[in-house]
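Protein chains in written order, with the working numbering: chain E, 1 to 99; chain A, 1 to 541; chain G, 1 to 332; chain Z, 1 to 197.
Where is the CB? At the ideal position from N, CA and C, for every residue including glycine.
All figures in this text were calculated on a predicted structure; none of them were measured in a lab.
Data first, discussion second: the structure below is written as structure tokens.
In structure tokens, the structure reads:
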């Protein structure tokens, strides 16, 4: 995740890369929808779904939003709240178990 | 740009403060003046509250009116006085302190101020439709019932939160991208550091409160069921959303004040600030820790018992970076050449009173004690020592310190010292008795109380009235000195930070030529070439 | 400065700090200790107050000393000797507070654990709260009362809930409070350790009656024998209209001399019997009073708000209780 | 951006030294706060999903919404392709792709409206249950963000047609792209926690 191709080298190659990312996103989404129709153990399915959405979000952020090439400061600014939200949601769920 | 043109004719310069301006200095002053108006308003409410509490069974105000007064006193003081006055200081100072021409997004900057105005008016307007009366904490389901003002209150707080988020985006962007040549991170004044830390908190904490307020507003306006208990709504959920913002809010309101104090001590001691890096880092530490402690406000509300102890520990740990700051300030004035001008007096007052707020904070974090004093006058005393003894003293110190920079005039020292004395005595007189009342069993937010608390409450009211009076010399001083005070010169305090290296008041472009920074902001008693080592690298020797 | 001066300063400071610690650790700022928990909490509180006093005196002392000792002399425009920091010192004042925090934290945790341990055969009390009164139900004894009576030395297990908004059950002498949250049941353990009657307070803002909520209730700790006789006395009165009036929470909002009720939120009920017949056209006094209890929305007395009085008394009152209550109010 | 006596060049030097553009930084900070805002709503939704049984969720049409998800992802692709185009100086390409972005965004909104209407027909409304409240609030706020994005795309398109942006100057497009992709990411998360899990 540390390729540092400067924005000037943008071009057809970059467009191809974006198409590949898009293909990946589309495929994952297709798999997800297929899984909802198939009968899979809920726990396994949910784990997969979470993993998938994490993968998709990461792809979009890394390639479409250029976090992969841009200053790490942008990444930090984006990740801090993500971590906080994960923590907050987990605690909400725990306190849901509380009563 | 309008302010340039008008600056050319100083005769009518004051007019630019009344309208839309994108000059950060104008906006800063607009913030400070507007928020001080709301300070007086919130103070008037406090006056009525303390008058009601002079006697145990007073009927001066009805129970309903009393709840509306306490609710709006809190909301106005927090959202319309402390937050905006500190935002105003930041607006005025950040570009000057880092040698920038203006903020990164001047129009956004003006917009965030002009959001403050409707937000404030909306909160006041609520008094005409039955003001919010569920406390500034707006606990559901009480706040979902309640009069229409409760809805206006929620919308108003959303507006004010949005305003401070816009401001924070501006602050961070400005600090990261607009520092002038040589202004490295480790040469930034500590006030700038504190605003950076605060902005991170604002951006991460405020949106969660906004989300919660949206839910309340929707429950009230379109009949959603988020907090409807019969439908399964969970009142504790609101408390989580609310405190996720409102505990960090305390640090949002005190960190910039600490930043201002950190500017003042070295100047009036003629010494470099002690442990510059530690102070800067402790601000960041407080911000991040501050995001992890919110549920210590809910020890009595039935949270998952497993979670209580971690929250207790994380809350207590915040005492450590706070202690680092206080000890560093002490070490800064130790062995200095101290001048006791008004800004310094308020700075010293800040330490001595914030200390009480900080220590009692650890008491509140200790769960067994909290289960007794939670929601009592002990908490009221604690939060006023933090926010009034702390934040407001800090704001006063900053206003006295930077007034000459803003106006080019000096304030009257005698009036300043009178103001300090009245403020210091009044604060302690008003809030110390409350600790005792709380411990002995007086709940907060009560319109009447058990007669055995009468003396304590009368002392508190006396202090409150003294605080009210203490504002008069300040107002007189600020207004008269602006018109006819003695000229201050560019750097009356012989300070070293960048804002003092331009004229007072600064020109529209802040600096006639972009400054190049070659030394730290606190290199007192230093030959310039050594000054690059304004860090603990030089520590100990 | 000279060693002797230094020594004196050190000695004086230590003496002051010690004195401060001793005073703070022995002064009593709390109300009576009426529960085993209260004793533990107060020990913790005094210990922390002692530490707090030391830190407070240390910081304020240093502050005052510096201000007096290091004043700039007239006409001195120079700077002081620059000191940028001191690694060792900074480590010390980071580590020591951290250690203090650890100590206080673990001590607090021990107190918490000790005060929440279950004892055998607790007496269970269901605490119901509503705007603006408490009632205490003893399911095992089949008794409900506006006062909380507890046998000395036997652990009480409170199950706390609310009918409307959040209240908070607090007896300062027990050193503990617990929120009464609608839709949830909160548990609280208290072992009374001292005979006496103590105030019951609502600590969470719950509306216009918040300050007066609990004025008509108190927590009474008594000997097991007295408690038993109180139970029997109260059970005998279970259909007594005054008891109904108070345990159903009417007293939280209405004032009625005959029931010793001082509520301020709803209409005064003294003399209701005389005026009830003429209040609503086409209704005799009994019908009017009965409707006002089970369908409070039908007639709202001018100057009072609708939707304040609960709508469910029809279900909550047994027929004989309702009848007795109506007759009782007729007689006022 | 601002009418300064000094040029951007030296005004934002400190930013360039950290390879930060102040406009992109501003947007990222805004997005950070948006993460927290949606985080609050998502936390609420999950909390109630865990505490209150919601049979209504069986009425949700995962296929339809899956297609909608696909549409939104495609619109994100359009934005990056548009950016690639203008970075090669191809303004017509940018215009085309921005147009497609707005179009696909509109299609997504159409799909959401259709979904909402059919749910209302099944009696699942904002006020029918806590599930209804949190479902419509969460998806509704996301829809609002898409709507804003569509308008923004249209405005950007207008500027392009008036000759704005070039291979050297296209930060405006990039900033819009950041917003649009963020809205896309939010939907990826919502799709998972609402429809899949």
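Counting C-beta pairs with one atom in each stretch, the region 71 to 86 of chain E and the region 44 to 54 of chain A have fewer than three that are closer than 8 Å, which means they do not touch.
The DSSP-derived three-state label of residue 13(Z) is helix. Positions of the alpha helix (DSSP H) runs, each at least 4 residues long and wholly inside the region 411 to 479 of chain A, are given as 413 to 440 in order along the chain.
Residues of chain A whose Cβ lies closer than 8 Å to the Cβ of residue 94(E) are, in chain order, 304, 306, 307. Remark: fewer than three beta-carbon pairs, one from each stretch, lie closer than 8 Å, so the region 455 to 465 of chain A and the region 208 to 218 of chain G are not flagged as touching. In the three-state reduction of the DSSP assignment, residue 88(E) falls in the helix class. Look at residue 163(G) here: in three-state DSSP terms it is coil, with no helix or strand label. In the three-state scheme derived from DSSP, where H, G and I count as helix and E and B as strand, residue 186(G) is classed as strand. By the rule that beta-carbons nearer than 8 Å mark a contact, residue 50(E) touches chain Z. Approximately 7 Å separates the beta-carbon atoms of residue 181(A) and residue 13(Z); this is inside 8 Å, confirming the contact. In the DSSP assignment, residue 198(G) falls within the beta strand (DSSP E) that extends over 196 to 199. Residues are counted here when their Cβ sits less than 7 Å from a Cβ of chain A; for the region 112 to 129 of chain G these are 112, 115, given in chain order. About 5 Å separates the CB atoms of residue 82(Z) and residue 98(Z); that is less than 8 Å, so the two are in contact.
Where residue 126(G) is concerned, the enclosing beta strand (DSSP E) starts and stops at 123 to 130. One alpha carbon belongs to residue 123(Z), the other to residue 60(Z), and they sit about 12 Å apart. Rounded to whole angstroms, the gap between the alpha carbons of residue 40(A) and residue 47(A) is 10 Å.
In the DSSP assignment, residue 150(G) falls within the unbroken beta strand (DSSP E) covering 148 to 151. For residue 513(A) and residue 408(A), the gap between their C-alpha atoms comes out near 20 Å.
Excluding five sequence positions before and after residue 298(A), the CB atoms of its chain that fall closer than 6 Å to its own CB belong to 239, given in chain order. Spanning the alpha carbons of residue 125(G) and residue 139(G) requires a straight line of approximately 7 Å. When rounded, the separation of the alpha-carbon atoms in residue 239(G) and residue 151(G) is 24 Å.
For residue 229(A), the residues of chain G that pass the 7 Å Cβ criterion are 182, 183, in the order they occur in the chain. Per DSSP, reduced to three states, the secondary structure at residue 267(G) is coil, with no helix or strand assignment. For residue 134(G), the enclosing beta strand (DSSP E) has its first and last residue at 133 to 138. Looking at the DSSP output, residue 61(Z) sits in no beta bridge, so it has no partner there. Counting only runs of at least 4 residues, the region 134 to 207 of chain A fully encloses the following alpha helix (DSSP H) elements, listed from N- to C-terminal order: 149 to 177. Checking the DSSP bridge columns, you'll see residue 409(A) partnered with 487(A). At least 8 Å separates the CB of residue 209(A) from every CB of chain E.
DSSP places residue 210(A) in the helix class (H, G or I) of the three-state scheme. DSSP, reduced to helix, strand and coil, places residue 250(G) within a helical segment of the structure shown. Put simply, the backbone Cα of residue 492(A) is about 24 Å away from that of residue 330(A).
Following the DSSP letters along the chain, one finds residue 283(G) in no beta strand (DSSP E), marked with neither H nor E.
The C-beta of residue 100(A) has 16 or more other C-beta atoms within 10 Å across all chains shown, which makes the residue buried.
The straight-line gap separating the alpha-carbon atoms of residue 46(E) and residue 189(Z) is approximately 13 Å. Interface annotation, residue 81(Z): in contact with chain E, CB-CB separation under 8 Å. Per DSSP, the beta bridge partners of residue 222(G) are 151(G).
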